[in-house]
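J.:
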Amino acid sequence: MNVFRLIGDMSHLAAIIILLIKIWRSRSCSGISGKSQLLFTAVFTCRYLDLFTNFVSIYNTTMKIFFLASSYATIYLIFMKFKATYNRNHDTFRFELLIVVSVILALLINHEFSATEILWTFSIYLEAVAILPQLFMITKTGEAESITSHYLFALGSYRGLYILNWIYRYYVEGHLDWIAVLSGIVQTGLYCDFFYLYITRVMKGKNLTLPA
Amino acid sequence: VNADDSKDEL
Numbered sequence: 016m017n018v019f020r021l022i023g024d025m026s027h028l029a030a031i032i033i034l035l036i037k038i039w040r041s042r043s044c045s046g047i048s049g050k051s052q053l054l055f056t057a058v059f060t061c062r063y064l065d066l067f068t069n070f071v072s073i074y075n076t077t078m079k080i081f082f083l084a085s086s087y088a089t090i091y092l093i094f095m096k097f098k099a100t101y102n103r104n105h106d107t108f109r110f111e112l113l114i115v116v117s118v119i120l121a122l123l124i125n126h127e128f129s130a131t132e133i134l135w136t137f138s139i140y141l142e143a144v145a146i147l148p149q150l151f152m153i154t155k156t157g158e159a160e161s162i163t164s165h166y167l168f169a170l171g172s173y174r175g176l177y178i179l180n181w182i183y184r185y186y187v188e189g190h191l192d193w194i195a196v197l198s199g200i201v202q203t204g205l206y207c208d209f210f211y212l213y214i215t216r217v218m219k220g221k222n223l224t225l226p227a
Numbered sequence: 009v010n011a012d013d014s015k016d017e018l
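Chains A and B, in that order, are what the protein sequence lines are. Sequence positions in the first sequence follow our numbering and run 16 to 227. Sequence positions in the second sequence follow our numbering and run 9 to 18.
#1: Ser138 (chain A): buried (16+ other C-beta within 10 angstroms of its C-beta) or exposed?
#2: By how many angstroms is the C-alpha of Thr215 (chain A) removed from the C-alpha of Phe59 (chain A)?
#3: Taking only three categories from DSSP, how would you classify Glu17 (chain B)?
#4: Are the CB atoms of Phe209 (chain A) and Pro148 (chain A) nearer to each other than 9 Å?
#5: Between the Cα of Trp193 (chain A) and those of A:Ser72, A:Val71, A:Thr136, spot the shortest distance and give me the residue it belongs to.
#6: Roughly how many angstroms lie between the CA atoms of Gly101 (chain A) and Val187 (chain A), to the nearest whole one?
#7: Excluding sequence positions up to five away, which residues of its chain have a Cβ less than 8 Å from the Cβ of Ser14 (chain B)?
#8: Starting from the beta carbon of Val71 (chain A), find every residue of chain B whose beta carbon is closer than 8 Å, and list them in chain order.
#9: Less than 9 Å between the C-beta atoms of Phe7 (chain A) and Lys50 (chain A), yes or no?
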């Protein structure tokens with residue numbers, strides 16, 4: 016554990032909590048992509064199966080349980096409790112493609128051809144692109160509520176901070192996992208346009224509207 | 009790469 020990873024994890028945690036608060040307080044999941052949330056739930060489910068087989072630390076176990084529970088709670092709020100507020104018509108990204116490509120890549124490029132390792136690798140590839148339905152939705156509607164943009168900023172920052180963590184681990188521990196690093200770079204890269212808009216607009220108190 | 013070394017990450 017190093018400071019980059021800790022801040023990264025806290026950023027990830029903050030993102031999830033911001034999203035739950037937004038939905039709960041407004042009694043609405045308007046502007047949120049249910050498809051991205053489904054993908055994140057699949058990511059956590061596939062990656063954290065090792066909860067049952069591999070104990071790392073209390074911190075690790077607690078965070079995994081929280082991420083799993085909160086992602087299923089988010090899905091419940093979007094597709095059941097507040098489903099009348101879900102903008103189904105704007106959430107039209109073909110997310111099946113992301114799953115198919117991630118499965119194929121995980122079968123081809125992995126550290127070890129075993130069930131748990133392939134599921135872990137699949138979750139890393141899928142996480143890299145899981146935000147695309149959400150970004151697509153914002154592009155389609157041309158705007159996002161400020162709380163949604165805070166959510167996205169925290170969520171995007173998390174993997175960026177993990178990149179610093181991997182650089183640190185490479186130099187200090189000699190640890191390098193190309194699958195995680197390259198996927199993390201892709202994942203962070205997808206947020207670049209959004210980061211630019213967030214810094215130039217939302218941080219100056221304006222709404223996040225896309226240039227026409 | 010030891011495949012287990014990344015598994016302490018979230």
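Built from N, CA and C at the ideal position, the CB exists for glycine as well.
T.: To lay it out plainly:
#1: Numbered from its first residue, the first sequence carries residue 138 (chain A) at position 123. Buried is the call here.
#2: The residue you call residue 59 (chain A) lines up with position 44 of the first sequence. The residue you call residue 215 (chain A) lines up with position 200 of the first sequence. Here the alpha carbon of Phe59 (chain A) sits roughly 32 Å from the alpha carbon of Thr215 (chain A).
#3: Taking the second sequence and counting its residues from 1, the one referred to as residue 17 (chain B) is at position 9. Reduced to three states, the DSSP call for Glu17 (chain B) is coil.
#4: For the purposes of this step, residue 209 (chain A) is identified with residue 194 of the first sequence, where counting begins at 1. For the purposes of this step, residue 148 (chain A) is identified with residue 133 of the first sequence, where counting begins at 1. For Phe209 (chain A) and Pro148 (chain A), no; Cβs fall outside 9 Å.
#5: The residue labelled residue 193 (chain A) in the question sits at position 178 within the first sequence. When only C-alpha atoms are compared, the closest one is A:Thr136.
#6: The sequence position of residue 101 (chain A) within the first sequence is 86, counting from 1. The sequence position of residue 187 (chain A) within the first sequence is 172, counting from 1. In the sequence as presented, Gly is not what sits at residue 101 (chain A); that position holds Tyr. Going by the C-alpha atoms only, they are around 46 Å apart.
#7: What you label residue 14 (chain B) is simply residue 6 of the second sequence in a count that begins at 1. Same-chain partners within the cutoff: there are none.
#8: Looking up residue 71 (chain A) in the first sequence gives position 56. What Val71 (chain A) touches in chain B: Lys15, Asp16.
#9: Outside the shown range of chain A (16 to 227) lies residue 7 (chain A), about which nothing can therefore be said.
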